[in-house]
Every structure is written in C-alpha cells, then in structure tokens.
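Below is one structure; the comments refer to it alone.
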Amino acid sequence: MIKFFLMVNKQGQTRLSRYYEHVEINKRTMLEAEVIKNCLSRSKDQCSFIEYKDFKLVYRQYAALFVVVGINETENEMAVYELIHNFVEVLDKYFSRVSELDVSFSVSEMHL
Amino acid sequence: MPAPIRLRELIRTIRTARTQAEEREMIQKECAAIRSSFREEDNTYRCRNVAKLLYMHMLGYPAHFGQLECLKLIASQKFTDKRIGYLGAMLLLDERQDVHLLMTNCIKNDLNHSTQYVQGLALCTLGCMGSSEMCRDLAGEVEKLLKTSNSYLRKKAALCAVHVIRKVPELMEMFLPATKNLLNEKNHGVLHTSVVLLTEMCERSPDMLAHFRKVRKLSSSQLVPQLVRILKNLIMSGYSPEHDVSGISDPFLQVRILRLLRILGRNDDDSSEAMNDILAQVATNTETSKNVGNAILYETVLTIMDIKSESGLRVLAINILGRFLLNNDKNIRYVALTSLLKTVQTDHNAVQRHRSTIVDCLKDLDVSIKRRAMELSFALVNGNNVRGMMKELLYFLDSCEPEFKADCASGIFLAAEKYAPSKRWHIDTIMRVLTTAGSYVRDDAVPNLIQLITNSVEMHAYTVQRLYKAILGDYSQQPLVQVASWCIGEYGDLLVSGQCEEEEPIQVTEDEVLDILESILISNMSASVTRGYALTAIMKLSTRFTCTVNRIKKVVSIYGSSIDVELQQRAVEYNALFKKYDHMRPALLERMPVMEKVTTNGPTEIVQTNGETEPAVLETKPPPPGLQPASQANDLLDLLGGSDITTVIPTAPTSKPASAGGELLDLLGDLNLTGSPVSAPAPQIAQPPFLLDGLSSQPLFNDIAAGIPSITAYSKNGLKIDFNFERSNTNPSVTVITIQASNSTELDMTDFVFQAAVPKTFQLQLLSPSSSVIPAFNSGTITQVIKVLNPQKQQLRMRIKLTYNHKGSAMQDLAEVNNFPPQSWQ
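Chains A and B supply the protein sequences, listed in that same order.
Residue numbering for the first sequence follows full-length UniProt numbering, starting at 1 and increasing by one per position.
Residue numbering for the second sequence follows full-length UniProt numbering, starting at 1 and increasing by one per position.
Encoded structure:
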C-alpha cells in the first residue's frame, strides 16, 4: 500500500505532498525533512530503495526534484519505481516539458 | 476590501522570502486576510482563498479554519468551486473531525449528478476520506455506479468500493454481484481497478477467496481462466500505443493480475495448475533490458514461489533471480536479494548455487544491499561452508558500518554455535569477534561465551592465554574484558604455570596478572559490571596464586569503602571471607562446574544479563550478612517462599552440585530444548524458566482408568481450575494431574500462565499448556499436564500461582491446594 507521495526539491522545500494515511501536521514536515536527508546522502549508483523506520522509500531524482513514495511490504518496489516514472511522463505531456516551477505553481492540477 | 491575491501571486511572494521567519510572517498576514474574507461570506473569491489555504497547509501551517469553507464550496453549483472544495475536503478533513459528516448529503446528491465529472469528484472524495458511517450510507450509490456502462465512472466506483470494503468489511457481499461483469470490460482502466477490487476482497475474507476459486461448471466466468486470458492478450497483442511503456503493454495491469493470481493460487492445487503455463510464458517472453521488464519478472518470480507450482517452474524462477544478481543495476540486485531471502527456507539448495555472488554483494557500497546480503549469508551458512563463510563474514564485520555490527556479531555467534567444526576454531572465531566489534556485542553473549569456554575443558589454557594477550594491549571493549577477567579468575593458575599445548606459552608472573586486573578496576573506561567481574576474579586468584595473597587482601579491603554499592558489597563479603571464614575459602572458590549446555533459541533464552552469573558464585557462600543474592525476575524464589523448595525433574540427568546455589544454576541450565523445539499450538511467550522443562513429548499415562475423583483446585473471579488425576501403572509413585482452566466471565483471559510448587519430598514436572488464551463464557479450556513423583507416599500439597491478562489489566494470584483426594497419593 502506498503511504505517501512526495515531491521535494534539493533544498528541502516540498512541492507536492499527498498522504494516504493520517499523519499529524507537524510530523509531516519532520518526515519530509528526514526523508530528503536520506535521499540526498545517497550517491548515484546506490539503489533506489531505502528502508526507513517500518516502511520502504522508493525515490527517483529528476534534475533538482526528488519524487519519493513511501510503501509498505506488500507492494512491488519496481512497479512503484515505474509508476513514478509514468507519473513524471504524464506531467511532461500535460505541461509540455515540465519543470520544477510548473510543479510549484499548479498545485491544484497536480493533485487532481 | 481589495480582491484577495491569486494563488500564483502568493506562491511567488513566498518564494521571495529568504528566511524561515520571513516566510512565516508572509503566511500569517495572508492567513489573516483569508480569515477576514471568510467572515465576510464572499462567494466569488472563496475558491481562491481555499486554494491558497491548501498550499499553506502543504507547507506545514495549520489550516483547519478552512474546513467549513470547503463544505460551502462543495455545496455551490459551480464546477470550479466544487473541484477546490472536494480537494480541500480530501486534504484537510478526515474522520477525526466531526464536520465531515455534513458532507454526506452533498456527496449523495453529487453521486447522482448529471455530469460525470462531478460524479467522479464525489467518488474520489468518498474513496479518499470516507468514514465508516459515510460509507455505510453511500455504499448503495457506489454499487449502482459500479454497474454503469460509463468506464470513467466505473473505474472510480471500483476504487471507491475498495475503500468502503476497507472501512466496513461487512459490506463486501453487497459488491459481489457487480464484480461478475467487471472483467469483461475492454477499458484497461476499468480492468485495473476491478483487479484491485478483487484483490482486496480476496485478501480480506477467506470465504470470498473460496468463492472465487470455485470452478463453476455452467457459467463461463471462472475467475482464474479469465485472468489468464487477459494476461495472455496483453503479452501477445502487438504494440498498442495507449498502453505502452517502453515496449511492454500495460505493465501495471500485468503486475496486478500476477499478484491476484498469487493470492488465488496460494495453497490451492487446481488454480496453480491452471496458471502454470501462463507464468512460464511470461517468464520467458518478457524483455529484460529495461526496468519495466524486470519489474514484471520480479512479480512473476514472487508468484511462482508462493503458489504450488511444479518444480521446473521453480527452477526457472531461481534462475531468473540468479540472473538478476549478476545484473549491474543496484535496484535489481536488491530486489533479487530480498526475494532470495524469502525463498531460502524452501529451496535451500538452489540458492546455495549463488552463494559466491551473494558473498560478493557484501562488499558492495550500498547500505541496503549490504544488509540484505548479510541476512542472506547467515541463512546460507551450513556445515560444509562454514569456514569459508565465516572468513568473509569476519572481514565484513571489520569493515561495515556500526549499525550492522551488533546484528552481524550476533549472527556470527549463532552460526558458529551451530556449525563449529572444532572447539578451537569456535573459540578463535569468538575471540576475533570480540576484538573487532567488542563494544557492539550484545550483553547476553557474555554469559553464553563463558559457558562455552567452561565446556571446552582441554582448551582452557589456550583460551586464557589468548584472552590475556588480547586485553594486555587494550581493555576498553567491555564484553571482551568481562570474559577475559572471568577466565583469568578461573584459570589463572594455568596462565602462570605457562603450560599450553596449542600455542607458544608465554611467561606471565602473578604480579603481572594482578596488575592488569587492578588497572581494569581503576580505569575510567570500565563499566561497573566489568569492575565487578574484575574484583571477583582477583578474589578467586587468592586460592590459585601462592605468593601474592597479601596483595589481593589489600586490594579487596580498599574496595570495601568504594562508592559503588555493588563493588562495596562484594569487597566487604570477600573481606569477611579472609577474616572469619578463611577455612572455607578454598572450597568456596574452587573451579566452577561445567555448566549445562543451553541452546538459546529466540525468545526462550534464560540466561540473565549483566554478568549475573556472578550471583551464582555469591550464593555458594553461606548467606551473607543480611543480603539475599540478587535474583532478578526470579518468581521461583517468591513462589518457593522460605522452606519449600521445588526440585524440578531434569529431563537428562546432570551432576548437581550440592549447594543451593548450584541448584538454582541447574534450574536455569536445565532448559534442554532437546533437538526438536516444541511446536506447541501455544505461542512461545516468555514463560518463567522452569515451565519450559520437560519438553520431551512423552505420551500421557493413560494406562489406568483410575476412577480418582477430580477436584476443583481454584475458583475465583470467574477463573476455575479443575484437577483430574491418573495413576500410572508402570510407576506407582507417579501421579499425573491434568488441569483444565476455564473462564466464565464475558471477556477472554490472555497470556495465562500456571505455575506450581510442591514440598521438598515431591518432585514436579510441568509439561507445556495447550494454549495461553482462555476464551470467555466457558467456551473453551486450557489443559496442561503435571506429573508428580511421590516416592514417600506423603500427603500431596501444592501451591499454585496464576498470572493472566483480563479486561486489559494484568492479574496475579497465589493459592494453596490441599484438598487432594487420598487415592491420588496413597
């Protein structure tokens, strides 16, 4: 099951966040900061799946933006990895060559 | 009041903020503006304001005052308003707020709206945050929508149904008729969501699962063949532009179908047979050059492993995993290691073939891969490869990150214990671990090691010499120092006499040994436990060494006034030994007997931590003035009280030293989990030690229809315990008591533990209980067998102690049973 879906840039600013399970609002910022710290500390040839607390993070980097999805054990990690890429491709088509600014400015479209 | 700024403006202004404080300030100002705008009940700009509010919520600022506004937006007629309103509801509201119930009516109306997009919005919101009341009310509408022909709505309705089922499982049957036709759709969206719905149903309820598996002869809609057909179409059909992802059509749907097949095929032969062909086909035809193909193969492998597939298929799966391991891409290797870990239990030999690759992965840079490789390596160690594997693992221990060291060290200990080819190798390995990762070793490893060392009698000299050399240089690693000081205390004479067969003997004088022990005592790095070890070791040496007894006396008396209470207690007692009980000193401080081998298997370990094997030594003295031996968590002593002492029958006869302390040690050492651990239906919860004995599954003595009346031993607070008696034909002094515990209250009693003690002349043996939960309303009982040996035919008396959890609180009770019928013991 997917727990959350985040798009965070390298400085730690959240561009998009969607939680599928209830998380307290102040914990959310902490969670996001920790998650991005974990992802940033990894190099390019390390694998994209991190074990974090009791679930897994699947992350993928596109330029300065990290797309991170938190999943639990029942999910197929590689399928989620593909899902991220699919999502980014869809955005690309919608915005015709999407960039981080597009993501930040069109919050409502992103959600829907 | 000027028109509120647009969302984009807001975002732009926030981006210009350079510090966190500036940003907060801007947001506060904007929030105030929004609040006043809400108060004015301005309809035109409400949606803009809520959009801004949602953005601020995403950044982490509180936005709860916008909830009612969302509701107003939902109720409005404009589509844009509704859109933002529903989005806000999804993000800001959940079942914890009471406000959400107000939405129910709105959603109901919108579900019947003429525009499909509005219906879609309503379905989305319900599927996202519907509470159980809302779901119950609206489930009928959702079900109706599930049957429409509009595929846009159908797929959303299916996902909404998934959410409803998760919240209110009882409604599952309602959706069952609608699912019959779901798989006949062409639209992939609908197919995908309906597969998700079916998966959820099958996972939640075994009845549904059975229902779906059934082969219905008349109708042509059997589930497994249908799925197989869809999958085949996906693979065989040519290029279809709308569903293509790097050359494979709709991999997401393929993965979902494979997962559903896995659930259907688990433990079911017929379904598994039907799937075999298609799985083989998918496995061989999928392209592996891209990540997509690998994702599908991964899911296929997982499915093959889980269902009852034929062996050819399993071999194929393991080969695929082997190929993954050799791939350069880290993700794939990680995934392969994870799945190999799952399969290593069942297909051990096949995985062994890839052992060298796995061991190579230990050297990888990536943390996740290293962890997986380490776990898998431990699973693969067996008698044949233990030497080679250990070398690799020790090397790994040297170079890995600190977070791994504890796990790695314990793993090495376990593996070494199981497969050690020779005692010397075992001791060498342990020493190597202690020296490299000494401070990360878990506390309970120390007593285990000590016991191991005492068991290998011929290696004592070698061991103590090596340990001495190890701590000469560096005594900061606590577990190493503890083990070393214990050994030096025990075998100091061997050390000084300089005899050692295995290695070059070193010349050590008594003074040097005492030097080292004293420096441990003084050093700042030693924990107080370690100091305790060192002091006791010095004391023991007073009988082993000949010329330095005075020095020892001096050291011991210094610590008689130490601030550390434990140390002070020990020093005072040892002083007393020197002065008043000097005649007993040699006898008390002689060598420790060989300890019973204890196999620690998971939660049933009994060895107390923190070097508390020391209390066993303390107990060999006559009761020290006023201080009882520190027996931690030893309910046994509570139960035994003052005079009654139970001796539990050991399953294998051991040589018991005569002193009471020795009995205690024996009791602890008695947990002979001989060979096959009891696979009792009861979970192995942490029961107090002496219940775990007698695990030899001897059949009950059913040979006499004794006709001895049974008694009610205990009846209080709804818990009743009955004793049923049987006398054995073969051994007339053994009585077998079967206890039955029943519960007449309306709540279950969990974690029920029964303990018993009998007077000195009897011997008691307690077998494992049937379970640890007593169901309520007398609907079931726990049975447990007790065997009592009564050689002197005395009146049977028993003291029992019961602990259990009831109504959320832990209860405990002691009682005496005196009403044994005469036939049970005469």
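Ideal Cβ placement from N, Cα and C applies to all residues, glycine included.
Under the DSSP definition of a beta bridge, which residues are partnered with ARG83/B? Its beta-bridge partners do not exist; DSSP assigns none.
Beta-carbon within less than 7 angstroms of SER368/B's beta-carbon, same chain only, minus the 5 sequence neighbours each way: which residues are those? TYR334
Say whether chain B places a C-beta atom closer than 8 angstroms to the C-beta of MET78/A. yes
6 angstroms Cβ shell around GLY70/A - same chain, five flanking residues per side excluded: LYS3, PHE4, PHE55, LEU57
Short CB-CB distance (under 8 angstroms) between ILE25/A and chain B: yes
In chain order, what residues of the same chain have a beta carbon less than 6 angstroms from the beta carbon of LEU394/B, not counting five sequence neighbours either side? ARG432
Residue span of the beta strand (DSSP E) that contains ASP813/B, given as start and end: 809-817
Residues bridged to THR14/A (per DSSP): VAL8/A
Which bits of chain A does residue 855/B rub up against, with CB to CB less than 9 angstroms? Summary: the structure shown does not reach residue 855/B, with chain B confined to residues 1 through 826, and so no result is reported for it.
DSSP-derived helix/strand/coil call for LYS423/B: helix
According to DSSP, simplified to helix, strand and coil, what is HIS188/B? helix
Can you tell me where the beta strand (DSSP E) with GLY70/A in it begins and where it stops? 65-71
Neighbour list for ASP722/B in chain A, Cβ cutoff strictly below 8 angstroms: Under the 8 angstroms cutoff, chain A gives no residues; its nearest Cβ is about 44 angstroms from ASP722/B.
Where does THR300/B fall in DSSP's three states? helix
Contact between the stretch 151-165 of chain B and the stretch 122-138 of chain B is defined here as three or more beta-carbon pairs at a separation below 8 angstroms; is this criterion met? yes
Quick check on the DSSP output: the alpha helix (DSSP H) that includes THR104/B runs from which residue to which? 103-111
CB contact flag (ILE230/B, ILE257/B, <8 angstroms): yes
Could you tell me if SER422/B is buried or exposed, where buried requires 16 or more neighbouring beta carbons within 10 angstroms of its beta carbon? exposed
Tell me the rounded alpha-carbon separation between ALA445/B and SER131/B. 50 angstroms
Grab me the residues of LEU31/A's own chain with a C-beta within less than 6 angstroms of its C-beta, minus the 5 sequence neighbours each way, in chain order. none
Which two residues bound the contiguous alpha helix (DSSP H) that contains GLU77/A? 77-95
Buried or exposed for VAL67/A, going by 16 or more other Cβ atoms inside 10 Å? buried
Beta carbon of ALA437/B, beta carbon of SER485/B: below 8 angstroms? no
How would you call LEU691/B, buried or exposed, if buried means at least 16 neighbouring beta carbons within 10 angstroms? Residue placement at LEU691/B is flagged as unreliable, the pLDDT there being 38, under the threshold of 50; the coordinate-derived value follows with that caveat. With 16 or more Cβ atoms within 10 Å of its Cβ, LEU691/B is classed as buried.
I'd like the list of long-range same chain contacts for ASP813/B, defined as Cβ closer than 6 angstroms, with 5 residues on each side in sequence excluded. LEU802
With distance defined between alpha-carbon atoms, name the residue in LEU261/B, ASN276/B, VAL282/B, PRO821/B nearest to LYS233/B. Looking at the sequence provided, one finds Asn at residue 233/B rather than Lys. Minimum Cα distance to ASN233/B is reached at VAL282/B.
Below 6 angstroms CB to CB, which residues in the same chain sit around ARG15/B once its five sequence neighbours on both sides are set aside? none
Could you name the residues of the stretch 281-300 of chain B whose beta carbon sits closer than 7 angstroms to any beta carbon of chain A, in the order they occur along the chain? ASN291, VAL292, ASN294, ALA295, TYR298, GLU299
Go to ILE721/B, then tell me how far its beta strand (DSSP E) extends in each direction, as first and last residue. 719-727
If you draw a straight line from the alpha carbon of TYR152/B to that of VAL162/B, how long is it in whole angstroms? 16 angstroms
Does the stretch 506-518 of chain B come into contact with the stretch 556-575 of chain B, if we say contact requires no fewer than three beta-carbon pairs (one atom in each stretch) closer than 8 angstroms? no
Please go through the same chain and pick out, in chain order, the residues whose beta-carbon is closer than 7 angstroms to the beta-carbon of ARG551/B, but skip the five residues on each side of it. LEU514
Compare the Cα-Cα distances from CYS202/B to each of LYS167/B, GLY265/B, PRO479/B and report the closest residue. GLY265/B
What would DSSP say about TYR533/B, mapped onto helix, strand or coil? helix
Taking ALA32/B as the reference, which of ARG8/B, THR338/B, PRO62/B has the closest Cα? PRO62/B
My output table needs one value for ILE711/B: the three-state DSSP class, helix, strand or coil. strand
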